[in-house]
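The block underneath contains the structure these notes are about, expressed in structure tokens.
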Amino acid sequence: MRVREPGRLRGVHGVAGSRAAGGVPAAHLGPLERDRLRGGLAPRGAGRDAGGAGASVSERPLIAITLGDPAGIGPEVAVKALEREELRSEARLFLLGSPTSAAAAMRLVGSTRELRPVRSAGDVRGEAGTTEVLVVGGFREDYFAMGEHSVVAGEASHVWVEAAARMALAGEVDAIVTAPINKESWQLAGSSDTGHQEVFKRLSASEHVATMLITGNLRCMHLSTHKTLAEACAYVTRENVLEAIRLTDRHFREWGFGEPRIGVAALNPHAGDGGLIGTEELTEIGPAVEDARGEGIAATGPVPADSVFPQAIAGQYDVVVVMYHDQGHIAIKVHGFEESISVNLGLPFIRTSVDHGTAFDIAGQGVADETSMVEAITTAIRLAKRQGLSRTAEPF
39 MRVREPGRLR GVHGVAGSRA AGGVPAAHLG PLERDRLRGG LAPRGAGRDA GGAGASVSER
99 PLIAITLGDP AGIGPEVAVK ALEREELRSE ARLFLLGSPT SAAAAMRLVG STRELRPVRS
159 AGDVRGEAGT TEVLVVGGFR EDYFAMGEHS VVAGEASHVW VEAAARMALA GEVDAIVTAP
219 INKESWQLAG SSDTGHQEVF KRLSASEHVA TMLITGNLRC MHLSTHKTLA EACAYVTREN
279 VLEAIRLTDR HFREWGFGEP RIGVAALNPH AGDGGLIGTE ELTEIGPAVE DARGEGIAAT
339 GPVPADSVFP QAIAGQYDVV VVMYHDQGHI AIKVHGFEES ISVNLGLPFI RTSVDHGTAF
399 DIAGQGVADE TSMVEAITTA IRLAKRQGLS RTAEPF
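What the sequence shown shows, in this note's numbering, is residues 39 to 434, in sequence order.
As structure tokens, this is what we get:
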């Protein structure tokens with residue numbers, strides 16, 4: 039693995055003065071970026087057509103891949119995925135984060151590619167034999183240890199996520215793919231965000247954003263994710279369920295499903311048994327489904343949760359709207375853990391992600407499975423090319 043010098047770029051420890059490596063004034067940075075890190079973002083709009091990502095998607099869309107928490111397996115799975123020629127031939131892929139973390143991951147997996155740091159998304163070439171990394175922020179590599187929570191790793195990964203979001207919002211990239219972050223490290227770093235989705239929703243000022251998990255032909259759209267079980271149950275209202283069904287229907291139509299068949303999971307055992315085991319199916323979920331059907335949406339439910347997933351796997355539904363985090367996550371990961379990915383609905387840009395954590399227990403060992411990252415990149419490419427979601431596990 040060789041590292042190409044990026045001219046005046048000074049790498050992970052940032053540059054001197056009030057401007058970041060990409061020339062962005064410090065005033066443009068978020069609080070974590072400005073107060074704790076010495077690096078910065080690439081110039082907005084660099085190297086992109088005036089029409090933004092939507093007007094400039096080529097045969098090889100430009101896709102940013104955040105490295106995730108540098109103390110976890112994120113850099114490793116990202117680098118391993120970029121070794122796949124079938125992905126590189128379909129898109130111009132680049133890493134977003136620290137070249138030191140990228141270089142360490144490349145050594146770990148035995149990559150023979152040349153590591154090429156770049157100043158902006160517009161500098162990404164997607165050349166054979168290279169792995170390109172957009173340098174964002176600066177942090178001391180010797181201030182954190184692999185497999186451990188730390189302020190430094192939390193700060194760095196948070197900055198990288200915010201930078202990716204701003205690049206997507208500015209039309210500098212056609213999609214972003216995220217490696218896993220660690221919420222405890224984010225908390226140590228002073229962030230109140232509970233995950234990627236919260237960052238993206240905040241920065242894009244989006245009203246309704248939701249997470250959908252995919253593995254094979256099973257797709258689960260979550261009514262809520264990062265809520266306690268008590269909070270999640272309280273969130274099951276007619277209005278919220280209807281909005282989730284509408285959001286699902288709109289995106290699946292955009293993704294080429296025509297009239298998507300939406301199964302809506304019940305909250306309570308046996309769908310409440312007519313009110314004997316909870317009333318949410320009668321007072322909230324059922325009425326929301328009827329409202330959706332009145333709008334021409336092909337929604338069915340509430341369906342008992344122990345029935346709706348096998349029905350979806352058998353092809354009865356294109357997607358299942360689930361009521362809370364574990365209801366959908368368990369079904370997805372039992373059906374196909376390694377291949378599962380996450381896609382956000384409701385954002386003004388494309389974002390996909392791996393569906394696993396930082397795996398501190400195996401970080402730095404070179405044994406992490408990159409399948410989820412490969413699937414996340416594959417899906418981002420399809421969406422960026424306006425090919426829609428795959429109806430099967432086939433890539434392109």
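Ideal Cβ positions, reconstructed from N, Cα and C, are used throughout, including at glycine.
These numbers were taken from a predicted model, which means no experiment stands behind them.
Asked, Found
"When you compare only the Cα positions, how much space is there between D87 and T168?", "A caution first: D87 carries a pLDDT of 36, below 50, which makes its placement in the model unreliable, though a value can still be read off. Taking the straight line joining both Cα atoms gives about 24 Å."
"Check this for me: beta carbons of V358 and C258, under 7 Å apart or not?", "yes"
"Taking the alpha carbon of E328 as the point to measure from, which residue in V147, G374, V360 and I283 has its own alpha carbon closest?", "I283"
"Short of 7 Å in beta carbon distance, which residues of its chain neighbour G366, apart from the five on each side in sequence? Order them along the chain.", "L251, C258, H260 and V360"
"Let me make sure I understand the geometry here. Which of P298, G332, A343 and R299 has the alpha-carbon closest to that of E305?", "With the sequence shown as reference, residue 305 is identified as Leu, and Glu is not the correct amino acid for it. Of the listed residues, the one whose Cα sits closest to L305 is A343."
"Could you tell me which of S195, K118, S158 and E123 sits nearest to T104, measuring between CA atoms?", "S195"
"Please identify the residue among F398, F387 and R424 whose C-alpha is closest to the C-alpha of L241.", "F387"
"Which of helix, strand or coil does DSSP assign to T317?", "coil"
"In whole angstroms, give me the CA-to-CA distance for I419 and A129.", "7 Å"
"Could you tell me which of G402, Q403, F398 and E377 sits nearest to S391, measuring between CA atoms?", "E377"
"Alpha carbons only, please: which of G301, F295, F375 and I111 is nearest the one belonging to Q349?", "G301"
"In the DSSP assignment, find the unbroken alpha helix (DSSP H) run with E200 in it and report its ends.", "V189 to L207"
"Flag this pair as yes or no: are the beta carbons of V156 and E170 separated by less than 7 Å?", "yes"
"Does the beta-carbon of H352 have 16 or more other beta-carbons within 10 angstroms, so that it is buried, or is it exposed?", "Rather than His, the amino acid found at residue 352 in this sequence is Ala. Its Cβ having fewer than 16 others within 10 Å, A352 is exposed."
"By DSSP, does A369 sit in helix, in strand, or in coil?", "helix"
"Given a threshold of 16 other Cβ atoms within 10 Å of its Cβ, counted over all protein chains shown, does L70 qualify as buried or as exposed?", "Residue confidence is low: L70 scores 36 on pLDDT, short of 50, so the model does not pin down where it sits. Its coordinate-derived value is still stated next. With 16 or more other Cβ atoms within 10 Å, it is buried."
"I'd like to know whether the C-beta atoms of L134 and A203 end up nearer to each other than 7 Å.", "no"
"Between the alpha carbons of T232 and R389, how many angstroms are there, rounded?", "17 Å"
"Pop quiz: L125 and T416 are said to be a contact at Cβ under 8 Å. What is the actual Cβ separation, rounded to whole angstroms?", "7 Å"
"Please tell me whether W293 and G106 are closer than 7 Å, where the distance is taken between their beta carbons.", "no"
"For P155, which beta-bridge partners are listed by DSSP?", "V171"
"Taking I323 and V381 to be in contact with their CB atoms under 8 Å, please state how far apart those CB atoms are, rounded to whole angstroms.", "Wrong, their Cβ atoms sit about 23 Å apart, outside the cutoff."
"Who does S380 pair with in a DSSP beta bridge?", "L251 and S391"
"On the CB-based measure, 16 or more other CB atoms within 10 Å of its CB, does A166 come out buried or exposed?", "exposed"
"Here's a check: name, in chain order, each residue in its chain whose Cβ is nearer than 8 Å to the Cβ of A109, leaving out the five neighbours to either side.", "F182, A183, M184, G185, E186, H187, S188, A191, N220, S223, T396, F398 and A401"
"Compute the Euclidean distance between the alpha carbons of R98 and P113, then round it to the nearest angstrom.", "23 Å"
"By how many angstroms is the C-alpha of A102 removed from the C-alpha of V211?", "7 Å"
"Whose CA, out of A142, G296 and I214, lies closest to the CA of I111?", "A142"
"What ranges does the alpha helix (DSSP H) occupy inside the region 212-285, keeping only unbroken runs of at least 4 residues that lie completely in it?", "221-226, 234-242 and 267-272"
"Consult DSSP for I111 and reduce its assignment to one of helix, strand or coil.", "coil"
"Please identify the residue among V341, I379, L280 and S244 whose C-alpha is closest to the C-alpha of G334.", "L280"
"Can you check which of these residues, L153, R163 and R145, is closest to S127 by C-alpha distance?", "R163"
"For the candidate residues L153, A268, A369 and F132, whose alpha-carbon lies nearest to that of M205?", "F132"
"Look at the Cβ atom of G374, then the Cβ atom of T249, and state whether they are nearer than 7 Å.", "no"
"According to DSSP, what are the bridge partners of G135?", "V173"
"From this set, L385, Y355, F347 and L383, which residue's C-alpha is nearest I370's C-alpha?", "F347"
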